[in-house]
Amino acid sequence: MATPTMDKVEADAAAASHLITVTFRIRRFNPEVSADATWEDFQLEIDPKERVLDGLHKIKWDLDGSLTFRRSCAHGICGSDAMRINGKNRLACKTLIKDINPAKPITVEPIKGLTVLKDLVVDMDPFFQAYRDVMPFLVTTGNEPTRERLQSAEDRERFDDTTKCILCAACTSSCPVFWNDGQYFGPAAIVNAHRFIFDSRDEAGEQRLEILNDKDGVWRCRTTFNCTDACPRGIEVTKAIQEVKRALITRRF
Ligand code: SF4
Ligand code: F3S
Ligand code: FES
1 MATPTMDKVE ADAAAASHLI TVTFRIRRFN PEVSADATWE DFQLEIDPKE RVLDGLHKIK
61 WDLDGSLTFR RSCAHGICGS DAMRINGKNR LACKTLIKDI NPAKPITVEP IKGLTVLKDL
121 VVDMDPFFQA YRDVMPFLVT TGNEPTRERL QSAEDRERFD DTTKCILCAA CTSSCPVFWN
181 DGQYFGPAAI VNAHRFIFDS RDEAGEQRLE ILNDKDGVWR CRTTFNCTDA CPRGIEVTKA
241 IQEVKRALIT RRF
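In terms of the UniProt record's numbering, the sequence shown is residues 1 to 253.
Here is the structure:
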C-alpha cells in the first residue's frame with residue numbers, strides 16, 4: 001500500500017481542522033412504520049462551507065440509508081430539493097451550513113401543503129397539475145417561421161423574470177392560501193402562466209387569463225409575499241401575480 005505523502009497528510013489535517021459538529025434535526029415519516037411523523041437527531045462532523053445537501057448525503061450514506069429525500073443536479077437547477085430548513089423554504093443544495101447558525105440544531109422538514117410520502121419527499125402531483133392547467137407552452141397558429149420566432153429585446157424583457165422558474169414549489173408551499181385547502185392554483189402556476197401571457201409571440205393569453213379567473217385562481221392571492229421571499233431564483237413572484245391580476249382587469253397584456 002502506498003504511504004501517504006507529507007503533502008497529503010498536511011492537507012487532511014488542514015481539512016479536519018475546519019470541521020465543526022452540527023446537529024441535523026430531521027422530520028422523519030414512514031407510513032409503513034407509523035402514522036405519525038417524529039423528529040430524529042443526527043450529529044455530524046462537517047465543514048461549515050458545505051451545504052445542507054452535503055449533510056443529508058453524509059447521513060444517508062454513513063448513518064442511516066433509509067433517510068429519503070429528492071435531489072438531482074445539486075446545483076440549484078433542477079428544483080427537486082426544496083425543503084423547510086430552519087423553518088424557511090430553501091434548496092438544500094444552495095444553503096451553506098455556515099449561513100444558518102450551525103451552533104443550534106438545523107431543522108429539516110418537508111415543504112408544507114403537499115402530502116408527505118416519506119421523510120422529506122412530498123406528493124408533487126397537485127403542484128404539477130396546477131402547472132399543466134395553465135398551459136405552460138407557446139401557442140401559435142400559422143405563420144410558421146423558417147428559422148425562429150423573432151422578438152424585440154423590449155418584448156422579451158416583459159417576461160424575463162418569470163422564465164427563471166425551476167418548478168421547485170418553494171413558493172406555492174410557503175403560501176398560507178395554498179396551505180388552507182390546496183385548491184388555490186398557487187404562485188408557481190401563476191408565474192408560469194405569466195411567462196406566456198406576456199410573451200408577444202403567444203396567442204393564448206386570453207385563455208390563460210380565463211383559467212386564472214377561476215375561484216381558485218389569482219384572486220385568492222392575499223399579497224402576503226411569502227412566495228417572493230421563498231423563491232431561490234429571486235423571481236418577483238408577487239409582482240408577477242399582480243401583473244396577471246391587472247391584465248385580467250384591463251385585458252391588456
Ligand atoms: Fe421555485 Fe421560484 Fe419557480 Fe416558485 S417561482 S417554483 S419558488 S423557482
Ligand atoms: Fe400566497 Fe404569494 Fe399571494 S404567498 S397569498 S401567492 S403573495
Ligand atoms: Fe437540483 Fe438542488 S438538487 S436544485
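For every residue, glycine included, the Cβ atom is placed at its ideal position computed from N, Cα and C. No experiment lies behind these values; they were computed from the predicted model shown.
Check: Residues bridged to aspartate 41 by DSSP?
Finding: Arg25
Check: For residue 257 versus histidine 194, is the C-beta distance shorter than 7 Å?
Finding: As displayed, the chain neither begins before 1 nor continues past 253, which places residue 257 out of reach and without an answer.
Note to self: Does threonine 107 come out as helix, strand or coil in the three-state DSSP assignment?
What the structure shows: Strand, per DSSP.
Check: From which residue to which residue does the alpha helix (DSSP H) around alanine 169 run?
Finding: Element bounds for alanine 169: n/a, residue is neither H nor E.
Checklist line | Span of the beta strand (DSSP E) around asparagine 101 | finding: Careful: asparagine 101 lies outside any beta strand (DSSP E) and carries neither H nor E.
Margin query: I'd like to know if the segment 83-94 and the segment 43-52 are in contact, where contact means that at least 3 CB-CB pairs between them fall below 8 Å.
Written below: yes
Notebook entry, point to check: How would you call arginine 147, buried or exposed, if buried means at least 16 neighbouring beta carbons within 10 angstroms?
Noted result: exposed
Next item on the list: Could you tell me the distance, in whole angstroms, from the CA atom of phenylalanine 225 to the CA atom of aspartate 125?
Entry: 24 Å
Check: When you compare each of Arg201, Lys60, Phe196, Cys168 to leucine 209 by their alpha carbons, which one comes out closest?
Finding: Phe196
Next item on the list: Indicate, with yes or no, if the ligand F3S has a heavy atom lying under 6 Å from the CB of threonine 238.
Entry: yes
Note to self: Please report the straight-line C-alpha distance between glycine 186 and tryptophan 61, rounded to a whole angstrom.
What the structure shows: Glycine 186 and tryptophan 61 have their C-alpha atoms spaced approximately 35 Å apart.
Notebook entry, point to check: DSSP three-state call for cysteine 249: helix, strand or coil?
Noted result: The residue asked about is misnamed: residue 249 is isoleucine in this sequence, not cysteine. Of the three classes helix, strand and coil, the one that applies to isoleucine 249 here is helix, per DSSP.
Check: Could you check where the beta strand (DSSP E) with arginine 222 kicks off and where it finishes?
Finding: Taken as a continuous stretch (DSSP letters only), arginine 222 belongs to no beta strand (DSSP E), as it is neither H nor E.
Notebook entry, point to check: Leaving out the 5 sequence neighbours to the left and right, which residues in its chain are closer than 6 Å to alanine 240 when beta-carbon positions are compared?
Noted result: Thr162, Val191, His194
Notebook entry, point to check: So which residues put a beta carbon under 6 Å from any heavy atom of the ligand FES, going in chain order?
Noted result: Arg71, Ser72, Cys73, Ala74, Gly76, Ile77, Cys78, Gly79, Ser80, Asp81, Leu91, Cys93
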